[in-house]
Each structure stands twice: as C-alpha cells, then as structure tokens.
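**Student:**
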Amino acid sequence: MSQVTVIEHPLVQHKLTLMREQERSTAAFRTLLREVALLLAYEVTRDLPTELVDIQTPLAPMKAPKIAGKKLVFASILRAGNGLVDGMLDLVPSARVAHVGLYRDHDTLEAVQYFFKAPTNLEDRLVIVVDPMLATGNSVVAAVDLLKAKGARDLRYVCLLAAPEGVKRFTEAHPDVPLFTAAIDEKLTEIGYITPGLGDAGDRLYGTK
Ligand code: URA
C-alpha cells in the first residue's frame, strides 16, 4: 500500500475551497491552481537530499546546503496537469518536464494514450507525476505504467483532489509510489466525477466546456 499524505496546510485548504466555488472565474481558478501547486511542490520535495557546498557570502566563506543529485522531472498528465506544473516550475525552475497525453474515453472511462515525451535517463531521476484530479485512477495508473516502462523507478504522485475509489485503485496498482493530495472527497458520480469536487479541472483551467 502506498503512503498517502493529505496536505492540510491552511493555505492549501483555503485556496482549494476558492477553487471549488462554481462562480470562480477561469482566470482566478488558473492563478489559484498555480499558487496551490507551489505549496504542494513544497510538501512533496520536503525530504529531498541536500549536500554541503563551499560558497562565499559577502562576509565569509561557508559550507551551505544545496539540493543533491539529478534534476527532478515533473510529469504532467495532459491537459490539466499543466496547470499544476506551471506552479511547480515557479518553485523548481531547473526541473525537467515530461508530458503524458491521455484522454478519458467517456463511455468506458479508460485512459487512452495519444502523446508521450520525457527527458532521458528517467531511471536516475525523481519523477513527480502531476494531475489535479484522482477520479477513477485509470489515467494516472496508465501514466505511471508508461513512465516505469520507460525506466522511471523513483516516483511520487501529486494531485489536488482525490476520490476514495481513485486512491484505492492507485495505491493497489502502484504501492511503491507515494501519493500526495490536498483532500479526499466523498465519492465518484456514475459518470466519473469527484463529488463534491470542483467540476472538470481542465475545463475550469482553460475556460472550455
Ligand atoms: N476529472 C476532472 O477534471 N474532474 C473530476 O471530477 C473527475 C475527473
């Protein structure tokens, strides 16, 4: 069973509430998602290894910590994942970005792949998979299957909102991948929406219907 962390920081919870409200504009939703992504990235990276390096301050030389090892990869599940990646890149501008294009077949709710592009040497990197909504779990399970097939071994998954059904499916499929979310809602509707949720994250982010 993967480790599941619910990020209860008051700023995360406050921003999530604003995003849930149906009258929130597209522009405000996008800004809030970017802000909340930065806070989620802070939590998911809090145990990254550091190493002491020699630096010179204006006053004196010292040994000071820097993040050690290879660059991070944020793996965005298109298209709503991009809304989270933007905020995460504000915090970790040197990270690499992978894109996984999956759409949900509206009849079967299964994930269908249409695009994949990732940095090289995934086996040496920490790959943080991002997709705001963990609903059935089909998309993220397929995305992690794909990333593992391309070599990724050290993965984490960050979403904004999860349904209990998606948490179960993901943790059973990928017990080695820690899951981070701001909230676990009540359930999925018959058509695969998280309820109470916030609606379709991609539509709310890009102003589509
Ligand atoms: N994807 C969304 O954007 N919203 C949901 O509620 C479920 C899946």
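Each residue of the sequence shown is one higher than the last, beginning at 1 in UniProt numbering.
Built from N, CA and C at the ideal position, the CB exists for glycine as well.
Nothing here was measured: the structure is a model prediction, and the numbers come from that model.
(1) Can you check whether the CB of Thr-5 is closer than 8 Å to the CB of residue 257?
(2) Should Ala-142 be listed as close to ligand 1, given that the test is whether its C-beta is under 7 Å from any heavy atom?
(3) Collect the residues with a C-beta less than 5 Å away from any heavy atom of ligand 1 and give them in sequence order along the chain.
(4) From Ala-37 to Val-85, what does the alpha carbon distance come to, in whole angstroms?
(5) Please report the residue range of the beta strand (DSSP E) in which His-174 lies.
(6) DSSP state of Ser-139, grouped into three classes?
(7) Report the start-end ranges of each alpha helix (DSSP H) in the segment 75-151 that is 4 residues or longer and not cut off at the edges.
(8) Could I get the ranges of all uninterrupted alpha helix (DSSP H) runs contained in the segment 40-66, with 4 residues as the minimum, in chain order?
(9) By Cβ distance, which residues of its chain are closer than 8 Å to Arg-20, with the 5 residues on each side in sequence left out?
(10) Can you list, in chain order, the residues of its chain whose CB lies under 7 Å from that of Lys-71, leaving out five sequence neighbours each side?
(11) Counting C-beta neighbours from all protein chains within 10 Å, is the total for Asp-185 16 or more, i.e. buried, or is it exposed?
(12) Would you report the Cα separation of Thr-120 and Leu-147, rounded to the nearest angstrom?
(13) Output yes or no for whether 8 Å exceeds the beta carbon distance between Leu-48 and Ile-67.
(14) DSSP beta-bridge partners for Val-73?
(15) Give the C-beta separation of Ala-182 and Leu-161 to the nearest angstrom, bearing in mind that I take them to be a contact with Cβ-Cβ under 8 Å.
(16) Mind checking Gly-207: buried by the 16 CB within 10 Å criterion, or exposed?
(17) Measure the C-alpha to C-alpha separation of Thr-136 and Thr-50 and round it to an integer number of angstroms.
(18) Does Tyr-114 pass the burial test, meaning 16 or more other C-beta atoms within 10 Å, or should it be called exposed?
**Tutor:** This is what the structure gives:
(1) Not covered by the structure: residue 257. The range shown for the chain is 1 to 209.
(2) no
(3) Met-133, Ala-135, Tyr-193, Ile-194, Gly-197, Asp-200, Ala-201
(4) 7 Å
(5) Per DSSP, His-174 belongs to no beta strand (DSSP E) and is neither H nor E.
(6) helix
(7) 81-91, 138-149
(8) none
(9) Pro-196, Gly-197, Leu-198
(10) Ser-94, Ala-95, Arg-96, Arg-125
(11) buried
(12) 11 Å
(13) yes
(14) Arg-96, Val-127
(15) 7 Å
(16) exposed
(17) 36 Å
(18) exposed
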